[in-house]
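Enquirer:
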Amino acid sequence: MPAKPNVVHIYSCFTSGSDSTVSLIEVSISPGIPTFSVIGLCDSSIRESQGRIRSAFKSAGFNMPKGHITVGISPAYMRKAGTGFDLPMAMGILFCSGQLYLPPNSKIYAEGELTLGGDIIGTPGACIRLKTVRDMDFDYRIIPVSESSGAGLARFSGQAITRLTDLNSLFDGNNYKEAEFTYDCPLTSDEYIDISNLKGQEKTKRALLISAAGFHNLLLLGSPGCGKTLAGKMLAGIMPKLSPEELSDVYSMTELVEGENAKISLERPVRMIGPNITVGKLLGSSVSLTPGELALANHGILFADELPLYNSEVIDFLRKPLEERKVHLMKKGNLYSFDTNFIFLGTGNPCKCGLYYEKGDKCRCNPNEISRYMSKMSGPFLERIDLFSEMRSISGKDMACIYTGDKEGESLKYREIVQRCWDLAHKRYGAGLLNGTFPDGDIRDVLRIPEKSVKYASEVSDKGFFTARGFTRVLRVARTIADIKEAPDVTVEDIAEAVQYRRRDF
């Protein structure tokens, strides 16, 4: 039987929102009445591990050692939750009782939940945890097989096992073989509604292109049935696929909610919300620290249909995430953050009857009714929208083209333009930053806006009563328009077009 060490040290990791912390599990067995103690600010899911470990040992043919078992999990000052500590705790007990051989001076990392039958299963947040520890120096890295996809996205190296009995071959049989994990990503089918089908809405098509090219927030208002929702669904079709880093971020959030059922897809997330959405669903759970719709839309689109019908509290709550591109959860005095780097796309009717933008005085609403209908969208919220585009009912000729016209592949052409604009922005600001997302500062030099263009923008700002935030957003949109043309500097014409998308009559 292998020698019995006095104290065994095994490393693991636990998630706290979108972050994770490396922890050290210490296991000691001392003579006395058989007891099992877990210390270190652990919640009930960790304290209940002794029941799972006892049953798993029995199923796997191991013996629960007699004596007082003490498990300490550090850092002791941080609250911890989750069942991923089961495997490292069980391994510590097996090493400490001499049932498994512990290689001298070895540094071991392990995570995984134990079933009563001795199987090892994954826990939500694997991709987040494994990204944290992937570059750390460990002699053994052991995870459940079910976490292989998350490990691949995290570019993690180690060995995956399915049952507790697999530990025998790894340590007693010296069969540990470390390898880098991979993941299977299904081929994208490019099934989307081509933007060429948006007939008679040239301004909106242009707004969609600018929005995607610069990651600018967009609001579409128009008559019922004019294609607002359809246009919104087309936005994802002109955006490039997720990069490996973005894919890892998106999967990490999805996995926290869906666990092992999370799917890997190169398509950008599109989270559709409706008027019944609550602040809680947008924000997420502060109890389980799981993301809401805002964080799940990261690197994609948050699509708010029929926006004027939303509760004003919900609309105003969106202001901070749109500005900071982060959302925060508070749990027991600790603040946890999730990234919310998405394009906000809102749609709605401009008035109660919906005909405000139609020609021929078709609107039946008086000014007070229109003002009351749109009042839920406050001025500070609208300041955070970069592009406004009105939509009108299309003509019979354009309507016929929707059903008889060929799919022109215009979305693919738009996507190439968007990718080119993103490449220019990444060279200008650094990886991951675009015209609509780079931090505020001395943006004139960064955006390459000549003095003549800035002066014109200032004059227009005075006439249009733009705030400082609105003025900055006009310059950002103008930079995107220049990038679409592949122009090095922003011209007066670019500013003028950006202003056209900034003006609104409500």
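For the sequence shown, this note's numbering assigns the number -17 to the initial residue and increments by one for each residue that follows. No residue lacks a Cβ here, since even glycine has one placed at the ideal position from N, Cα and C.
#1: Going by C-alpha distance, which of Val472, Asp465, Met373 is nearest Ala439?
#2: For Gly391, which of Glu295, Phe77, Tyr174 has the nearest alpha-carbon?
#3: Count the other CB atoms, across all protein chains shown, that sit within 10 Å of the CB of Thr386; report buried if there are 16 or more and exposed otherwise.
#4: Look at Gly491 and Glu93 and say whether their C-beta atoms are less than 7 Å apart.
#5: What residue does the alpha helix (DSSP H) around Phe420 start on, and which one ends it?
#6: Under 7 Å between the Cβ atoms of Leu278 and Leu264?
#7: Taking the C-alpha atoms as reference points, what is the distance between Glu227 and Val269?
#8: Does the stretch 108 to 121 come close enough to the stretch -4 to 6 that 3 or more CB-CB pairs lie under 8 Å?
#9: Below 7 Å CB to CB, which residues in the same chain sit around Pro470 once its five sequence neighbours on both sides are set aside?
#10: What runs of the alpha helix (DSSP H), each 4 residues or longer, lie entirely inside the stretch 214 to 289?
#11: Please determine, among Val474, Glu365, Glu441, Met373, the residue with the shortest C-alpha to C-alpha distance to Asp455.
#12: Look up Gln141 in the DSSP assignment and say whether it is helix, strand or coil.
#13: Should Val261 go down as buried or exposed, given a rule of 16 or more other Cβ atoms within 10 Å for buried?
#14: Can you give me the C-alpha to C-alpha distance between Lys159 and Asn258, rounded to a whole angstrom?
#15: DSSP state of Lys520, grouped into three classes?
#16: Hey, could you find the ends of the alpha helix (DSSP H) Arg111 is sitting in?
#17: Excluding sequence positions up to five away, which residues of its chain have a Cβ less than 7 Å from the Cβ of Leu96?
#18: Just verifying my parser: in three-state terms, what is the DSSP assignment at Thr386?
#19: Determine the extent of the alpha helix (DSSP H) in which Met71 is found, giving its start and end residues.
#20: Taking the DSSP output, what are the residues bridged to Val4?
#21: Hey, Phe363 and Asp298 are a contact pair by Cβ (cut 8 Å); roughly how many whole angstroms apart?
#22: Candidates Leu190, Ala133, Ile11, Cys333: which alpha carbon is nearest Ser230's?
#23: Assuming the contact rule is C-beta atoms closer than 8 Å, Leu349 and Tyr339 should be a hit. Round their C-beta distance to whole Å, please.
#24: Could you name the residues of the same chain whose beta carbon sits closer than 6 Å to that of Ala142, not counting the 5 residues immediately before and after it, in chain order?
#25: Please say whether Ala213 and Leu202 have beta carbons closer to each other than 7 Å?
Expert: This is what the structure gives:
#1: By one-based count along the sequence shown, residue 439 stands at place 457. For Ala439, the closest C-alpha among the options Val472, Asp465, Met373 is that of Val472.
#2: Start at 1 with the first residue of the sequence shown, and residue 391 comes out as number 409. Minimum Cα distance to Gly391 is reached at Tyr174.
#3: For this step, residue 386 is matched to residue 404 along the sequence shown. Any reading at Thr386 needs caution, since the residue's pLDDT is 48, under 50, leaving its predicted position unreliable; the model's value is listed next. With fewer than 16 other CB atoms across the displayed protein chains lying within 10 angstroms of its CB, Thr386 is exposed.
#4: Not covered by the structure: residue 491. The range shown for the chain is -17 to 488.
#5: Within the sequence shown, numbered from 1, the residue matching residue 420 stands at position 438. Counting along the chain, no alpha helix (DSSP H) covers Phe420, and no H or E run does either.
#6: Here residue 278 refers to the residue found at position 296 when the sequence shown is read from its first residue. Here residue 264 refers to the residue found at position 282 when the sequence shown is read from its first residue. In terms of Cβ geometry, Leu278 and Leu264 do not form a close pair [threshold 7 Å].
#7: Within the sequence shown, residue 227 is the residue found at index 245, counting from 1. Within the sequence shown, residue 269 is the residue found at index 287, counting from 1. Taking the straight line from one Cα to the other gives about 28 Å.
#8: Counting C-beta pairs with one atom in each stretch, the stretch -4 to 6 and the stretch 108 to 121 have three or more that are closer than 8 Å, which means they touch.
#9: As a working note, residue 470 is residue 488 in the sequence shown. So the qualifying residues of the chain are Arg430.
#10: Restricting attention to alpha helix (DSSP H) runs no shorter than 4 residues, the stretch 214 to 289 encloses them at 226 to 240, 261 to 265, 275 to 278, ordered along the chain.
#11: The residue given as residue 455 occupies position 473 in the sequence shown. This sequence places Arg at residue 455; Asp is not what is there. Taking only the C-alpha atoms, the option nearest Arg455 is Glu365.
#12: Stepping through the sequence shown from its first residue, residue 141 is reached at position 159. The three-state secondary structure of Gln141, taken from DSSP, is strand.
#13: Numbered from 1 along the sequence shown, position 279 holds the residue referred to as residue 261. Classification of Val261: exposed, given that the 10 Å Cβ count is below 16.
#14: As a working mapping, residue 159 is identified with position 177 in the sequence shown. As a working mapping, residue 258 is identified with position 276 in the sequence shown. One C-alpha to the other measures close to 52 Å.
#15: Since the first residue shown for the chain is -17 and the last is 488, residue 520 is missing from the structure and cannot be characterised.
#16: Sequence index remark: in the sequence shown, residue 111 carries index 129 (1-based). In the DSSP annotation of this structure, the continuous segment of the alpha helix (DSSP H) that includes Arg111 starts and ends at 108 to 115.
#17: In the sequence shown, the residue the question calls residue 96 occupies position 114. Taking Leu96 as the centre and dropping the five residues before and after it, the same chain places the C-beta of Arg34, Ile35, Ala38, Asp68, Leu69, Ala72, Ile102, Leu146 closer than 7 Å to its C-beta, in chain order.
#18: Along the sequence shown, read from residue 1 onward, the residue named residue 386 stands at position 404. Only weak support is given to the placement of Thr386: the predicted model assigns it a pLDDT of 48, under 50, and the value that follows is read from those uncertain coordinates. It is helical.
#19: Along the sequence shown, read from residue 1 onward, the residue named residue 71 stands at position 89. DSSP places Met71 inside the alpha helix (DSSP H), whose first and last residues are 68 to 78.
#20: Taking the sequence shown and counting its residues from 1, one reaches residue 4 at position 22. According to DSSP, which records beta bridges pairwise, Val4 is partnered with Cys(-5).
#21: Within the sequence shown, the letter at position 381 stands for residue 363. Within the sequence shown, the letter at position 316 stands for residue 298. Between Asp298 and Phe363 the Cβ distance is about 6 Å, and since that is below 8 Å, they are a contact.
#22: For the purposes of this step, residue 230 is taken as residue 248 along the sequence shown, with counting starting at 1. Closest by alpha carbon: Ala133.
#23: Along the sequence shown, one-based indexing puts residue 349 at 367. Along the sequence shown, one-based indexing puts residue 339 at 357. First, the residue type needs correcting, since residue 349 is Pro and not Leu in the sequence shown. At roughly 15 Å, the Cβ-Cβ gap does not stay under 8 Å, so Pro349 and Tyr339 are not in contact.
#24: Residue 142 sits at position 160 when you count from the first residue of the sequence shown. Within the same chain, Ala142 has close Cβ partners Ile125, Val127, Ser130.
#25: Translated into positions along the sequence shown, residue 202 becomes position 220. Translated into positions along the sequence shown, residue 213 becomes position 231. It is a contact, given that the beta carbons lie within the stated cut-off.
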